[in-house]
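Residue numbers are given in UniProt numbering: position 27 of the sequence shown equals residue 27, and the series is strictly consecutive. Glycine is no exception: its CB is placed at the ideal position from the N, C-alpha and C atoms. For reference, the structure discussed in these notes is given below.
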Amino acid sequence: MEIKLNNRKEILTEECSLQHLLNSFMPQSQKGVAIAVNQSVIPRSNWEKHFLNPHDEVLIIKATQGG
């Protein structure tokens, strides 16, 4: 299945939840992370239950400190 992840094309070989995707592409700390699918923010409480569809556009944003 092909999706866009942060504007890059990615191929997934199996059905995938947002949590599984995040664990694969961002295994470090997931604090301060927000995820949007097709321009809709998905609450953290739904990451395990939200499964991706072909051609979904996923945006993962991580808050950072600094100025």
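Only counting the same chain, and skipping five residues up and downstream in sequence, which positions put a Cβ closer than 6 Å to that of residue i?
i: CYS16; result: LEU52
i: ASN11; result: Note that residue 11 corresponds to Ile in the displayed sequence, not to Asn. Closer than 6 Å at Cβ, skipping near neighbours: GLU2.
Do you know offhand how far residue i's Cα is from residue j's?
i: GLU48; j: LEU18; result: 6 Å
i: residue 82; j: ASN23; result: Look at the range of the chain in this structure, 1 to 67, and you will see that residue 82 is not part of it.
i: SER45; j: ARG8; result: 25 Å
i: ALA34; j: PRO43; result: 8 Å
With 16 other CB atoms within 10 Å as the buried threshold, where does residue i fall?
i: VAL41; result: exposed
From the DSSP output, read off the bridge partner residues of residue i.
i: LYS49; result: Paired residue(s): none; LYS49 is not in a bridge.
Are the CB atoms of residue j and residue i within a distance shorter than 9 Å?
i: LEU5; j: ILE61; result: no
i: GLU57; j: GLN39; result: yes
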